[in-house]
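Colleague: What the sequence shown shows, in mature numbering (1 follows the signal peptide of the UniProt record, and there is no 0), is residues -23 to -1, 1 to 452, in sequence order. Glycine included, C-beta positions come from ideal geometry on N, C-alpha and C. This structure is a prediction, so every number in the text was calculated from the model and none was measured.
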Amino acid sequence: MQLLLSFLFPLITWLSLFVIEPAAPTAHDPAWVKEVGAKTRPTAKTTFAAAKYGVVGDGKTLNTKAIQNAIDAAAREGGVVTFEPGQYLTGSIFLKKGVTLQLDKGVTLLGSQYIKDYPEMPSRIAGIEMVWPAALINVLDQDNVAIIGQGTVDGQGKPFWELYWAMRKDYEAKGLRWIVDYDAKRPRTLLVSNSSNVTIKDITLQRAGFWTVHVLYSKNVTADGLIIRNNLGGHGPSTDGIDIDSSSYVLVQNCDIDCNDDNFCLKSGRDADGLRVNKSTEYVLIQNCVAGAGGGLFTCGSETSGGIRHVIARNLKAKGTKVGIRIKSALTRGGTVEDIRVDNIEMDGVGTAIEMTMNWNPSYSYSTLPEGYTQETLPAHWKAMLTKVEPAEKGLPYFRDVHISNVRVTNAKKAVSAEGQPNSLLENMTLSNITITAQTAGDISYAKNWTVKNINITAQDQEPVAVVNSTSVKF
């Protein structure tokens, strides 16, 4: 019995983090909050049973064409594509206007483990527009689409993880760490691109080959009640949870993510290519969510070129995440991160509770071509990555007007790590009602005009937050 209790106690403690209290009244929300999320949802009720189109749920038969035929039929009349319980192996499928893809409990879509089953197409990956494999489920240039149900989408991504690690070992030896993520073509699980009024609700997504849910160049999208599990049978590299990329009026709520990179992440382009596109991510509400493993509970960046603004992230919990609240960029990204409000956050066992850096991961962030390569023979996406931002000052990112309040953190390694630049200060930040226990308090540099109220940091090393090269920043 004692052994059983010793096992159950940490499990119960962990599960308690997933009990989200109802959000308090938000009478002071800005007006834009009422506009986030899908404004419409398909209403047609005609059912299109996938089995009638030759779909087989044996986990072995490749059903890509048959599932697409069912979707196309539903699109002609408006309707719901349904499946009997089973496992359905498929490559890329493409949803269309007025269609609901319904995955009920007991239904699993299995992603093909062969890249040939994901046709290449123009897209944007990690901030660069390039040709890339289609996702497993795609909503491209559509309006009024829904993906719902308590079923599962399993990307079966392990072969793609192994491909990446093998390529990375080879590329790092050649001084090409900066390009391996772009050459190791891996399918996303669900892509919403250049679309509007898309609802994704209650499904479970697991073992993504690459990013799990990517919302790109889209407007009025809802992700509600999603469960994401990307560390089953391994730890997939770059398996982000939900990426909101140069998109607006997005609602993410009631989601539970355990992945191996950023859990809830906002992006807007990388370097010269991102500055060329110049599309911001704005008007985003993320609320009532939890995160387990992953690179960041709530992250802005490192792709900031188009700007990230007008964001509320609230009522979030993290257990064991590498970083809690994270704003990151690089000195070639450009863009401004501003008007970010983070409130009512609980964390336990995270690495760094609050992190801001403008010089994130240099070996990945900066592109330098080694000797032995000729510009004329390089792939187009290599050339895009190597294009210099000119003048160089355009590459400086700016972080300002970030408000972090009502944060409770236990067992962190570091409380705060905030690093501005001499010519790009961390300006007008507000930290209030924050309690953190950590191994060390951390450090702040190149910051200006911070409002710090009711901050209690208990550090095991008993050292205070080190503040250097800063003006009007006092802890």
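Distance, Cα to Cα, Gly104 vs Gln264?
Modeller: If I take the Cα positions, the gap works out to 25 Å.
Colleague: Return yes when the Cβ of Asn115 is within less than 8 Å of the Cβ of Ile70, no when it is not.
Modeller: For Ile70 and Asn115, yes; Cβs fall inside 8 Å.
Colleague: Is the beta carbon of Leu274 closer than 8 Å to that of Met333?
Modeller: No. Outside cutoff.
Colleague: Between Ile205 and Cys236, which are expected to be in contact by the criterion C-beta below 8 Å, what is the C-beta distance as a whole number of angstroms?
Modeller: At roughly 6 Å, the Cβ-Cβ gap stays under 8 Å, so Ile205 and Cys236 are in contact.
Colleague: On the three-state DSSP scale, how would you describe Pro99?
Modeller: Pro99: strand per DSSP, three-state reduction.
Colleague: Considering only C-alpha positions, which residue in the set Gly312, Arg253 and Ser100 is nearest to Thr281?
Modeller: Residue Gly312 is the option with its Cα nearest to Thr281.
Colleague: Does the separation of the CB atoms of Thr176 and Ile125 fall below 8 Å?
Modeller: Yes. Within cutoff.
Colleague: So what does DSSP say about Lys430, is it helix, strand or coil?
Modeller: Lys430: strand per DSSP, three-state reduction.
Colleague: Quick check on the DSSP output: the alpha helix (DSSP H) that includes Ala290 runs from which residue to which?
Modeller: Here Ala290 belongs to no alpha helix (DSSP H); instead the beta strand (DSSP E) covers Ile285 to Lys296.
Colleague: CA-CA distance, Ser195 and Thr216?
Modeller: The alpha-carbon atoms of Ser195 and Thr216 are separated by roughly 21 Å.
Colleague: Tell me, which residues are paired with Val32 by DSSP?
Modeller: Answer is none; Val32 lacks a bridge partner.
Colleague: Nearest CA to the CA of Arg101: which residue from Ser409, Ser422, Asn171 and Pro214?
Modeller: Considering only alpha carbons, the answer is Asn171.
Colleague: Just checking my contact of Gly278 with Gly297 at CB under 8 Å: how many whole Å lie between their CB atoms?
Modeller: That pair is no contact at about 21 Å.
Colleague: Using a threshold of 8 Å, state whether the C-beta atoms of Val58 and Leu86 are closer than that.
Modeller: No, the Cβ-Cβ distance between Val58 and Leu86 is not below 8 Å.
Colleague: What would DSSP say about Ile180, mapped onto helix, strand or coil?
Modeller: Coil at Ile180, not helix or strand.
Colleague: Going by DSSP, name the residue or residues bridged to Val116.
Modeller: Leu72 and Val169, per the DSSP bridge assignment.
Colleague: By Cβ distance below 6 Å, which residues in the same chain neighbour His380 in space, the five residues on each side in sequence not counted?
Modeller: For His380, where only same-chain residues beyond five positions count, the Cβ hits under 6 Å are Arg318 and Thr407.
Colleague: Would you kindly work out how many angstroms separate the C-alpha atoms of Ser394 and Gly34, rounded to a whole number?
Modeller: Computed Cα separation, rounded: 50 Å.
Colleague: In whole angstroms, give me the CA-to-CA distance for Val157 and Gly186.
Modeller: Distance between the alpha carbons of Val157 and Gly186: 15 Å.
Colleague: Using three-state DSSP, classify Pro110 as helix, strand or coil.
Modeller: Pro110: strand per DSSP, three-state reduction.
Colleague: Please list, in chain order, all residues of the same chain as Pro339 whose beta carbon is under 8 Å from its beta carbon, the five residues on each side excluded.
Modeller: Closer than 8 Å at Cβ, skipping near neighbours: Ala307.
Colleague: Helix, strand or coil, according to DSSP, for Asp420 in the structure here?
Modeller: Asp420 falls in the strand class under three-state DSSP.
Colleague: Is His191 buried or exposed, if buried means 16 or more other CB atoms sit within 10 Å of its CB?
Modeller: With 16 or more Cβ atoms within 10 Å of its Cβ, His191 is classed as buried.
Colleague: Please work out which residues of its chain come closer than 7 Å, Cβ to Cβ, to Val227, disregarding the five sequence neighbours upstream and downstream, and give them in chain order.
Modeller: Answer for Val227: Val13, Val192, Val198, Ile221 and Val261, listed in chain order.
Colleague: Can you tell me which residues form a DSSP beta bridge with Val379?
Modeller: Ile317.
Colleague: Check the C-beta distance from Lys239 over to Thr276 and give it rounded, since I have them as a contact under 8 Å.
Modeller: According to the sequence provided, residue 239 is Asp. The question's Lys does not apply to it. Yes, they are in contact, since the Cβ atoms of Asp239 and Thr276 sit about 4 Å apart, within 8 Å.
Colleague: Tell me where the beta strand (DSSP E) around Thr334 begins and ends.
Modeller: It spans Thr329 to Thr334 - the beta strand (DSSP E) in which Thr334 sits, taken as one unbroken run.
Colleague: I need the DSSP call for Ala26, collapsed to helix, strand or coil.
Modeller: Ala26 falls in the strand class under three-state DSSP.
Colleague: Based on the DSSP output, what are the partners of Lys244 in its beta bridges?
Modeller: Answer is Asp222, bridged to Lys244.
Colleague: In whole angstroms, what separates the C-alpha of Pro(-2) from that of Ala26?
Modeller: With a pLDDT of only 38 at Pro(-2), under 50, the local geometry of the prediction cannot be trusted, and the value read off the model is given with reservation. Roughly 37 Å separates the two Cα atoms.
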